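Residue 358 in the working numbering sits at position 22 of the sequence shown, and the numbers go up by one each step. Yeah, the Cβ is synthetic: ideal placement off N, Cα and C, and Gly gets one too. These numbers come from a predicted model, not from an experiment.
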Amino acid sequence: MDTKNVIARFEAERQTLALMDHPNVARVLDAGATVSGRPYFVMELVRGLKITDYCDQKSLSTSERLDLFIQVCGAVQHAHQKGIIHRDIKPSNILVTTSENGSAVPKIIDFGIAKVTTGLRLTDKTLFTAFDMLIGTPAYMSPEQAEMGEIDIDTRSDIYSMGVLLYELLTGTTPFDTQELL
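Here it is in structure tokens:
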């Protein structure tokens, strides 16, 4: 936690989460800095399983899997409307918990590498993505994100990742072999 890059990313994630208010996005409850200046945030504790494990363990039908996926789509749309691209949508960043009435509730977590598309500056600390630095998870990453070229990614990159997630929810595997991608 002592490098400027890590502190800046942490601060950006805290501020990103604070911008959102959606039942399927983990909420920030408090934030600040310690006496030594290290940022912190307190967020909702999401006790749950990654979405693919939840679906498999509960033997959910295709319809039930699609119902969960639609909730995730609403959360991603909310983030996009706030000008936030998650950039790492994958099963382990979508945890499924149970509400008080017993229904399944997916929650998107880990906005640590999110990108803001509006003119809003999230932090006063300089934060740049290094050139030729792979950001995200290859099996769920859009081609333009994986290329690390001059094409700036936008919300379509998250939509691509959502397609990979949907494919996995319905078939039990990703469209491309993870080891081959690496």
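Next item on the list: With T453 as the anchor, note down where its beta strand (DSSP E) starts and where it stops.
Entry: First-last for T453: undefined, no H or E at that position.
Next item on the list: Using the Cα positions of R423 and G373, report the straight-line distance between them to the nearest angstrom.
Entry: 28 Å
Next item on the list: Please find out if some non-hydrogen atom of the ligand SAH comes closer than 7 Å to the beta-carbon of V378.
Entry: Among the components modelled here there is no ligand, and therefore nothing to report on the ligand SAH.
Next item on the list: Name the two residues that bound the continuous alpha helix (DSSP H) containing I445.
Entry: Neither: I445 is in no alpha helix (DSSP H) and is coded neither H nor E.
Note to self: Using only CA atoms, which one of D513, P442, Q413 lies nearest to T433?
What the structure shows: P442
Next item on the list: State buried or exposed for L381, treating a residue as buried only when at least 16 other CB atoms are found within 10 Å of its CB.
Entry: exposed
Checklist line | Pick from R492, Y496, I449 that is closest to E347, judged by C-alpha positions | finding: I449
Margin query: Quick check on DSSP: helix, strand or coil for T433?
Written below: strand
Check: Three-state secondary structure (DSSP) at M356?
Finding: coil
Note to self: Could you tell me the alpha carbon to alpha carbon distance between T352 and Q413, rounded to whole angstroms?
What the structure shows: 14 Å
Next item on the list: Under 8 Å Cβ to Cβ from G499, same chain only, skipping five residues before and after it: list those, please.
Entry: none
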